[in-house]
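The letter at position 133 of the sequence shown is residue 132 when you use numbering that gives the first Met the number 0, and the numbering goes up by one with no holes.
Worksheet: the structure to be examined is printed underneath.
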Amino acid sequence: MGKIILGDQILGRPDVHIDLEDRGYQFGDGVYEVIRVYGGKLFTMKEHIARLFASAKKIKLDISMAPEQIQKLVEDLVKENEVDFGSVYMQVTRGAAPRTHMFPKPASNTKAVFTAYTNEVPKPASQLENGVEAITAEDIRWLRCDIKSLNLLPNVLAKQEAADAGCFEAILHRSGIVTEGSSSNAYIVKNGEVITHPADHLILNGITRQVLVKLCKENGIPFVEKEFELKDLQNADEVFITSTTSEVMPVIKVDGKTVGDGTPGKITRKLQELFEAKINQEIMANF
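Next comes the structure, spelled out in structure tokens:
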């Protein structure tokens, strides 16, 4: 992991200390982002930072740093740690204050705490090629899933349920309406049309999802944002999920039932190709 960002400084890990009463630790009072690194370059960094600020605004959290300052710090961190293929995790909490549910009073001088660190994360090549299996699970999260908050216990429980079943992901639903995955956005393909849940308060509008919407529009692939049910998931021609680290991931089984012919579908493959081209285009533009 090497160096870590704390505030506006890049420090060695032993030099980073977070207060016991940090509200991120005690309340999950904060927001976060994960940015993918390809060949030492950050992919869709500006979009991730913009969403970090949008999430912070929704919980009335003042980051007290400019987006450009964060971008420069994160770029320097990737260089310092010599990350080739990996990710950057960054988060902002409301800071340390005596434990009470209300926000700290302005007179307390409590300041937001920004941290970031890197990980080496290889591309999941085999899974992207062959596809993965998923289960379905009840979506028990709160009703502001559009905020990328630190409160992830329901996601953790769903992901563990999938892992216990030998699966890659849990696709969530609220009373039969499919929302998204525990750490991904979920899609079906039916009769050549890509369908996914609308970007409202029930899902996180993923950055990879946003890229995918543009790619579909630019390449004439029918894309519809509308609710669909578990029965639609079970009868889909193709199923896939997207996320920062999973990219465009084919799902070949759901709850033990084979999707299509059990191999990644034609449209999923096309979207993988387009997404890979987008990565290469953006990364090369940064050299």
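Heads up, the beta-carbon is just placed ideally off N, CA and C, and yes, glycines get one too.
Predicted, not measured: the structure shown is a model, and the values here were computed from it.
Rounded Cβ spacing between residue i and residue j (contact assumed at less than 8 angstroms)
{"i": "Lys-265", "j": "Val-258", "result": "The Cβ separation is near 13 angstroms, so there is no contact."}
{"i": "Phe-113", "j": "Ile-62", "result": "7 angstroms"}
{"i": "Val-77", "j": "Leu-41", "result": "6 angstroms"}
{"i": "Cys-144", "j": "Leu-203", "result": "6 angstroms"}
{"i": "Ala-106", "j": "Gly-94", "result": "That belief does not hold up - the Cβ atoms of Ala-106 and Gly-94 are roughly 14 angstroms apart, past 8 angstroms."}
The alpha helix (DSSP H) enclosing residue i, as first and last residue numbers
{"i": "Ser-125", "result": "124–129"}
{"i": "Phe-239", "result": "It is not in any alpha helix (DSSP H) - Phe-239 instead sits in the beta strand (DSSP E) that spans 237–242."}
{"i": "Phe-102", "result": "Where Phe-102 is concerned, there is no enclosing alpha helix (DSSP H), given that its DSSP letter is neither H nor E."}
{"i": "Leu-203", "result": "Premise fails: Leu-203 is in no alpha helix (DSSP H) and is neither H nor E."}
Residue span of the beta strand (DSSP E) that contains residue i, given as start and end
{"i": "Met-248", "result": "246–253"}
{"i": "Lys-220", "result": "Here the sequence assigns Ile to residue 220, which means Lys is not the residue at that position. Neither: Ile-220 is in no beta strand (DSSP E) and is coded neither H nor E."}
{"i": "Ile-34", "result": "29–37"}
{"i": "Asn-118", "result": "112–119"}
{"i": "Gly-191", "result": "No beta strand (DSSP E) contains Gly-191, which DSSP labels as neither H nor E."}
{"i": "Ile-9", "result": "8–11"}
{"i": "Lys-2", "result": "2–5"}
Same chain, Cβ closer than 8 angstroms to residue i, five either side skipped, listed in chain order
{"i": "Lys-256", "result": "Gln-233"}
{"i": "Asp-169", "result": "The residue you asked about is not Asp; residue 169 is Ala in the sequence shown. Result list for Ala-169: Ala-133, Ile-134, Thr-135, Ala-136, Ala-157, Lys-158, Glu-160, Ala-161, Gly-180, Ser-181, in chain order."}
{"i": "Gln-70", "result": "Met-44, Lys-45, Ile-48"}
Chain-order list of residues whose beta-carbon lies under 7 angstroms from that of residue i (same chain, five-residue window excluded)
{"i": "Ile-176", "result": "Glu-226, Glu-228"}
{"i": "Ile-278", "result": "Tyr-37, Phe-42"}
Cβ-based burial, residue i [other Cβ within 10 Å; buried from 16]
{"i": "Asn-184", "result": "buried"}
{"i": "Met-283", "result": "exposed"}
{"i": "Ile-139", "result": "exposed"}
{"i": "Leu-214", "result": "buried"}
{"i": "Asp-28", "result": "buried"}
{"i": "Ile-194", "result": "buried"}
{"i": "Ala-124", "result": "exposed"}
{"i": "Glu-32", "result": "buried"}
{"i": "Glu-81", "result": "exposed"}
{"i": "Glu-272", "result": "exposed"}
{"i": "Met-89", "result": "buried"}
Of all the beta strand (DSSP E) runs that stay within the bounds of the segment 142–184, which reach a length of 3 or more residues? 168–173, 176–180
Whole beta strand (DSSP E) elements within the segment 30–96, 3-residue minimum: 40–42, 85–92
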